[in-house]
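Report on one structure; see the data block that follows.
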Amino acid sequence: MSNLYDQDFYQWTIEQATLLRAGALSQLDIENLIEEVESMGKSQKKELFSRIAVLLMHLLKWDYQAEQRSGSWKSTILTQRRELKFLLLDNPSLNRIIPDAVISVYSDSRLSAAAETGLPESAFPETCPYTIEQIMGE
76 MSNLYDQDFY
86 QWTIEQATLL
96 RAGALSQLDI
106 ENLIEEVESM
116 GKSQKKELFS
126 RIAVLLMHLL
136 KWDYQAEQRS
146 GSWKSTILTQ
156 RRELKFLLLD
166 NPSLNRIIPD
176 AVISVYSDSR
186 LSAAAETGLP
196 ESAFPETCPY
206 TIEQIMGE
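This is the structure:
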């Protein structure tokens, strides 16, 4: 079964689902199944971090280069908030790591905002100036 995992992942997933439905637990590729389940969780966490990073960058651009505001920036802010809402509806346990995610990605968002606006990095606060409510709000 492990060989199929390496040769045809899609077929491996179908066979694993079939075995689970049949209750044939002893035939499952447990090692790779565990790895994939963990990977799915990590993927959701990575999406949370990525969406917050993009959202923070656009909020910084919106607030610190107000004269350049565009519909595109507004659309990105709205899209990221909407997609975060859907992600959190499907994965409510991610709510508890939002503060850590903000702290973790803020410096990259700040750097990206500086690169996109042409402003020096020092033009943006060293720590995130937004509350969780402001980040996630309308």
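To convert, count from 1 in the sequence shown and add 75; that's this note's numbering. A virtual CB, placed ideally from N, CA and C, is assigned to each residue, including glycine. Predicted model, so just to flag it, every value in this text is computed and none were measured.
**OP:** With Gln140 as the anchor, note down where its alpha helix (DSSP H) starts and where it stops.
**Re:** Counted from its first residue, the sequence shown places residue 140 at position 65. Gln140 -> no alpha helix (DSSP H), and no H or E assigned at all.
Original post:
Ends of the alpha helix (DSSP H) at Leu186?
Top reply: To locate residue 186, count along the sequence shown from 1; it is residue 111. Start and end: 173-192.
Original post:
Beta carbon of Trp137, beta carbon of Ile127: below 9 Å?
Top reply: As a working mapping, residue 137 is identified with position 62 in the sequence shown. As a working mapping, residue 127 is identified with position 52 in the sequence shown. Cβ distance not < 9 Å, so Trp137 and Ile127 don't count as in contact.
Subject >> Candidates Ile105, Leu95, Glu142, Val129: closest to Arg185 by CA position >> reply: Working through the sequence shown from its first residue, we reach residue 185 at position 110. Of all alpha-carbon atoms in Ile105, Leu95, Glu142, Val129, the one lying nearest the alpha-carbon of Arg185 is that of Val129.
Original post:
Helix, strand or coil: how does DSSP classify Thr88 here?
Top reply: The residue given as residue 88 occupies position 13 in the sequence shown. Helix, per DSSP.
Subject >> Given Leu79 as reference, the closest of Gly98, Arg96, Asn107 once Cα atoms are compared >> reply: Translated into the one-based positions of the sequence shown, residue 79 becomes position 4. Among Gly98, Arg96, Asn107, the Cα nearest to that of Leu79 belongs to Asn107.
Subject >> Glu208, enclosing alpha helix (DSSP H) - first and last residue >> reply: As a position in the sequence shown, residue 208 is number 133, starting the count at 1. Run containing Glu208: 207-211, per the alpha helix (DSSP H) assignment.
**OP:** Using beta-carbon positions only, say whether Tyr139 and Ala190 come within less than 9 Å of one another.
**Re:** For this step, residue 139 is matched to residue 64 along the sequence shown. For this step, residue 190 is matched to residue 115 along the sequence shown. With contacts defined by Cβ atoms closer than 9 Å, Tyr139 and Ala190 do not form a contacting pair.
**OP:** Using the Cα positions of Leu134 and Ile210, report the straight-line distance between them to the nearest angstrom.
**Re:** Stepping through the sequence shown from its first residue, residue 134 is reached at position 59. Stepping through the sequence shown from its first residue, residue 210 is reached at position 135. If you take the alpha carbons of Leu134 and Ile210, they lie about 8 Å apart.
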